[in-house]
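Numbering-wise, the sequence shown is residues 58 to 366 according to our numbering.
Glycine included, every Cβ here is placed at the ideal spot set by N, Cα and C.
Remember, it's a predicted structure, so these values are computed and weren't measured experimentally.
Okay, structure first, notes after.
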Amino acid sequence: MTALVIAEHDNASLKASTLPTLTAAAQCGGEVHLLIAGHQCGAVAAAAAALAGVSRVLVAEAPHFADGLAENIAAQVLAIAGSYTHILAPASAYGKNILPRVAALLDVAQISEITRVAGPDTFERPIYAGNAIATVRSIDPVKLITVRTTAFEAAGPGGAAAIERIAPVGDAGTSAFVARASARSDRPELTAARVVVSGGRGLGSGENFSILEPLADKLGAAMGASRAAVDAGFVPNDWQVGQTGKIVAPQLYIAVGLSGAIQHLAGMKDSKTIVAINKDPDAPIFSVADYGIVGDLFEIVPQLTRELG
Ligand SMILES: Cc1cc2nc3c(=O)[nH]c(=O)nc-3n(C[C@H](O)[C@H](O)[C@H](O)COP(=O)(O)OP(=O)(O)OC[C@H]3O[C@@H](n4cnc5c(N)ncnc54)[C@H](O)[C@@H]3O)c2cc1C
C-alpha cells in the first residue's frame, strides 16, 4: 500500500496545504510519496524531502508545469498512478482542479474533502454544509482523495526522503497560461492564519470595513467576510468564508456584524475560539461562539481594539 500526494507549490516553496495532506496520506497506512510537478523547483523538492513521513519525493520538471496547469499535472499523475493505492491532494482550488480530472481518466470515484481516515478504504467527509458527517467506503482499486486541510495536523520536519527525478509527460497542449492576477496583502493568507477577523453585512459598506483593520493589525490577523458582504461589493470575493468560500480553522475567529448563517458556519465553526460581536442577541452566530458581545459593532470594535493596546 503506497499513497501519492500531489504537492501544491509555486516552484519556490511548498504551500501549507500540502502538510496536512501528507498527514492524511500517512494515516491511510502505507508509504507516502510526494509528487512535485513544476519547473526549476529544486528548493521545493529539498524542503519536501525533509518532511517527516515522506519516503520518496518524485520530481517531474518541465516548463509546461511552471504554472500548475491542471491538464498537464493530471497527465503526469496519470502516468504514475498505477503504482499507488491512494492519490491525495489538498481540497484547495489547486487540488480540486487536478484530482477530478485524474479520477475521470482512471474511471474511479473521487472521495472529496475528507476530514478523517477511518481505515485504508474508509473515510469521513462532511455533507449538508457540515451538518452531517458521512462515512464512505471505497471499493475502487485506487482511492482518489481531496483532503480538508483544517481537519489534519500539518506534517512536521524530521524526514530524509530520497529525491528521484521522473520523466515528465509532454505538454497536453489543451490549455495555456495567460496571466495571474493576485491580490497583494501584508496580512497572513486567510486559510493559514492563526487569527481571522471577519465582517458581515452589518458593517454596512466597504469603507466601514476599515474599522476592522486596526483590530486585525494588532492581532496579526487575516481578514475574512460573509458572502453577503462580498456580494454587496464591500470586500473582494477571495475574502469569503463558508460553504462556497474558504474553509478556515484558526486559533481565534472574530465574527463582526455577521449573523452566522449555516453556510457561513460551514466554513469556520471548527475554529478553536470564536468571538462574536452582533447587536442581535438571537443571532445564530452566538450558538457557536465561545465569547459573545451583544452591541453595536461601531462602538465595540474600537473599544476592543483600544483594550488590546
Ligand atoms: C448555496 C449557498 C451558499 C452560500 N455560501 C455562503 C458562504 O460561503 N459564506 C457565507 O457567509 N454565506 C453563504 N451563503 C449566504 C448565507 O446564507 C447568508 O445569506 C450570509 O452568510 C449572510 O451574511 P451576513 O451574516 O453578513 O448577513 P446577515 O445575515 O444580514 O447578518 C448581518 C448581521 O449583522 C448584524 N448587525 C447589523 N448591524 C450591526 C451593528 N451595527 N452592530 C452589530 N451587529 C450588527 C445583524 O444583527 C445581523 O445578524 C450561501 C447561501 C447559499 C444559498
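Taking Cβ to Cβ, would you say residue i is nearer than 8 Å to residue j?
{"i": "ALA83", "j": "PRO214", "result": "no"}
{"i": "SER239", "j": "GLU128", "result": "no"}
{"i": "GLY86", "j": "PRO147", "result": "no"}
{"i": "GLN133", "j": "ALA117", "result": "yes"}
{"i": "GLY317", "j": "GLN300", "result": "no"}
{"i": "ARG194", "j": "GLU170", "result": "no"}
{"i": "LEU126", "j": "GLN167", "result": "no"}
{"i": "ALA211", "j": "ALA73", "result": "yes"}
{"i": "GLY349", "j": "ARG258", "result": "no"}
{"i": "VAL254", "j": "ILE311", "result": "yes"}
Taking residue i as part of the alpha helix (DSSP H), name the residues at either end of that continuous run.
{"i": "ASN129", "result": "127 to 137"}
{"i": "THR80", "result": "75 to 84"}
{"i": "GLU270", "result": "270 to 276"}
{"i": "ALA323", "result": "319 to 325"}
Could you pull out every residue in the same chain whose Cβ sits closer than 7 Å to the Cβ of residue i, ignoring the five residues on either side in sequence?
{"i": "SER20", "result": "Outside the shown range of the chain, which is 58 to 366, sits residue 20, and nothing can be said about it."}
{"i": "GLN297", "result": "ALA282, ARG284, VAL287, LYS303"}
{"i": "ALA229", "result": "GLU128, ASN129, ALA132"}
Quick one: Cα of residue i to Cα of residue j, how far?
{"i": "ALA94", "j": "GLY227", "result": "12 Å"}
{"i": "LYS336", "j": "ASP347", "result": "16 Å"}
{"i": "SER262", "j": "ILE196", "result": "51 Å"}
{"i": "PHE291", "j": "GLY256", "result": "10 Å"}
{"i": "ALA250", "j": "LYS275", "result": "14 Å"}
{"i": "LEU79", "j": "GLY216", "result": "12 Å"}
{"i": "ASP288", "j": "ASN294", "result": "8 Å"}
{"i": "LEU260", "j": "VAL305", "result": "21 Å"}
{"i": "VAL358", "j": "ARG241", "result": "25 Å"}
{"i": "ARG182", "j": "THR362", "result": "38 Å"}
{"i": "ALA136", "j": "ALA224", "result": "10 Å"}
{"i": "ALA340", "j": "THR172", "result": "28 Å"}
{"i": "ASN154", "j": "GLY366", "result": "43 Å"}
{"i": "VAL235", "j": "ASP124", "result": "10 Å"}
{"i": "ARG244", "j": "ALA208", "result": "23 Å"}
{"i": "SER267", "j": "ALA109", "result": "42 Å"}
{"i": "VAL159", "j": "SER140", "result": "14 Å"}
{"i": "PHE343", "j": "LEU156", "result": "37 Å"}
{"i": "ALA175", "j": "ALA138", "result": "23 Å"}
{"i": "PHE355", "j": "GLU264", "result": "13 Å"}
Keeping to the same chain, check which residues put their C-beta closer than 6 Å to that of residue i; ignore five residues upstream and five downstream.
{"i": "LEU309", "result": "VAL252, THR330"}
{"i": "ALA104", "result": "LEU71"}
{"i": "VAL62", "result": "THR78, LEU79, ALA82, LEU91, LEU145"}
{"i": "PRO271", "result": "THR362"}
{"i": "VAL114", "result": "LEU91, ALA102, ALA105, ALA106, ALA218, ILE220"}
{"i": "LYS326", "result": "VAL345"}
Per DSSP, residue i forms a beta bridge with which residues?
{"i": "PHE180", "result": "VAL174, VAL193"}
{"i": "HIS143", "result": "ALA60, LYS200"}
{"i": "ILE425", "result": "Examination of residue 425 is not possible in this model, given that the chain is present from 58 through 366 alone."}
{"i": "HIS90", "result": "LEU61, ARG113"}
{"i": "LEU108", "result": "PRO214"}
{"i": "TYR348", "result": "VAL332"}
{"i": "HIS66", "result": "LEU71"}
Can you tell me where the beta strand (DSSP E) holding residue i begins and where it ends?
{"i": "GLY257", "result": "That residue, GLY257, is in no beta strand (DSSP E); it is neither H nor E in DSSP."}
{"i": "LEU163", "result": "First-last for LEU163: 150 to 163, but that is the alpha helix (DSSP H), not the beta strand (DSSP E)."}
{"i": "ALA279", "result": "279 to 282"}
{"i": "THR330", "result": "330 to 335"}
{"i": "LEU309", "result": "309 to 313"}
{"i": "ALA34", "result": "Nothing in the structure corresponds to residue 34, since the chain is present only between 58 and 366."}
{"i": "ILE220", "result": "219 to 222"}
So, for residue i: in the same chain, excluding its five sequence neighbours on each side, which residues have a beta-carbon less than 8 Å away from its beta-carbon?
{"i": "THR44", "result": "Not covered by the structure: residue 44. The range shown for the chain is 58 to 366."}
{"i": "SER149", "result": "GLU65, LYS72, SER74, THR206, THR248"}
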